[in-house]
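In what follows, a single structure is set out as structure tokens and then discussed.
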Amino acid sequence: MDRTEESRQEYKELQRRVKREVSKAKQEAYDELYTRLDTREGRKDLYRLARQRDRDGKDVQQVRVIKDRDGRVLTSEESVQRRWKEYFEELMNEENDREKNSRRDDLWNRK
1125 MDRTEESRQE YKELQRRVKR EVSKAKQEAY DELYTRLDTR EGRKDLYRLA RQRDRDGKDV
1185 QQVRVIKDRD GRVLTSEESV QRRWKEYFEE LMNEENDREK NSRRDDLWNR K
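Residue numbers for the sequence shown follow our numbering, so the first one is 1125 and each next one is one higher.
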């Protein structure tokens, strides 16, 4: 067996050992987690974590600040919501300018 084949075999063996160790460490971590969850404090932590993940998943709460038309930063929840409402009303009620769109299409279709 040449050196590269020997190195490859050694690498594969080390890779198998690492996988076993990682698997064992994961199992120990899960066992510890499950033991903790069986306690009163663990259940509290679980509910706290679930509530936090639920809150983090909501888009509205992730946008905490936004700028108004004049570039001023809005920080209150009401002003941010009001600005989003204005923005979407403008966006959805914009008239379709055919001439502007046809010029844009001409630019895209040029070779």
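All C-beta atoms in this analysis are idealised placements derived from N, C-alpha and C, irrespective of residue type, glycine included.
Where does Val1197 sit, in a helix, a strand or coil, going by DSSP?
-> strand
Grab me the residues of Trp1170's own chain with a C-beta within less than 7 Å of its C-beta, minus the 5 sequence neighbours each way, in chain order.
-> Correcting the residue identity first, residue 1170 is Leu in this sequence and not Trp. Correct list, in chain order: Leu1161.
Alpha carbon to alpha carbon, what distance is there between Thr1199 and Lys1143?
-> 48 Å
Cβ neighbours of Asp1192 in the same chain (closer than 6 Å, five flanking residues each side left out) | Leu1198, Arg1207
If you draw a straight line from the alpha carbon of Glu1129 to that of Arg1172, how long is it in whole angstroms?
-> If I take the Cα positions, the gap works out to 52 Å.
Excluding the five sequence neighbours on either side, which residues of its own chain have a C-beta within less than 7 Å of the C-beta of Arg1164, listed in chain order?
-> Once the five neighbours on either side are set aside, Arg1164 has no close Cβ partner at all.
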